[in-house]
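Peer 1: Structure in structure tokens, see below.
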Amino acid sequence: MLLIYGECGSKAKSAARLYRKHFPEEPHPTRPTTLKIVKRLREPDCVTSRPRVRRLLKVGRKVQPEDVLAYTLAHPQSGTKMISENCGLSESRVWTILNESGAHPYRSTPMQ
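In this text, residue positions in the sequence shown follow my numbering: the first is 1, and each later residue adds one.
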């Protein structure tokens with residue numbers, strides 16, 4: 001609705017008419033409704049932007065693929081969940097390391 005309001009040169013009556021034309025099946029906002037929305041949006045602090053939340057990078061010792069493989073060989077009955085918890089990696093990363101090395105959880109021998 002606000003885009004149509006701007007397209008109509010900030011004229012609420014024209015915007016309501018154009019909205020009705022573009023969206024005949026939708027409920028139509030009236031001229032006062034459009035003006036109320038525009039007035040509310042022009043007030044300061046009506047729309048605030050949220051700060052972006054970014055994931056923090058893990059700082060510290062990097063787990064090497066050799067560590068995952070060593071844990072797998074030492075604990076052959078461990079699944080990817082157990083390996084990921086003990087090595088501090090995600091399960092998908094553990095799967096990637098195991099697949100790239102040709103190993104498989106529950107079976108520490110290389111796949112053929």
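Note that the Cβ used here is the ideal one computed from N, Cα and C, for glycine as well.
1) Note the first and the last residue of the continuous alpha helix (DSSP H) segment covering cysteine 46.
2) Run through DSSP, which three-state label would tyrosine 84 get?
3) Which word fits threonine 30, buried or exposed, when buried means at least 16 other C-beta atoms lie within 10 angstroms of its C-beta?
4) Among Trp95, Ala12 and Gly88, which one has its Cα closest to the Cα of threonine 80?
5) Quick one, which of Gln77, Ser14 and Ile97 has its alpha-carbon nearest glutamate 66's?
6) Please classify leucine 41: does DSSP put it in a helix, a strand, or coil?
7) Cα separation between alanine 15 and leucine 2?
Peer 2: Inspection of the coordinates gives the following:
1) Premise fails: cysteine 46 is in no alpha helix (DSSP H) and is neither H nor E.
2) The sequence given here has serine at residue 84, not tyrosine. Note: serine 84 maps to helix in three-state DSSP.
3) exposed
4) Trp95
5) Ile97
6) helix
7) 9 Å
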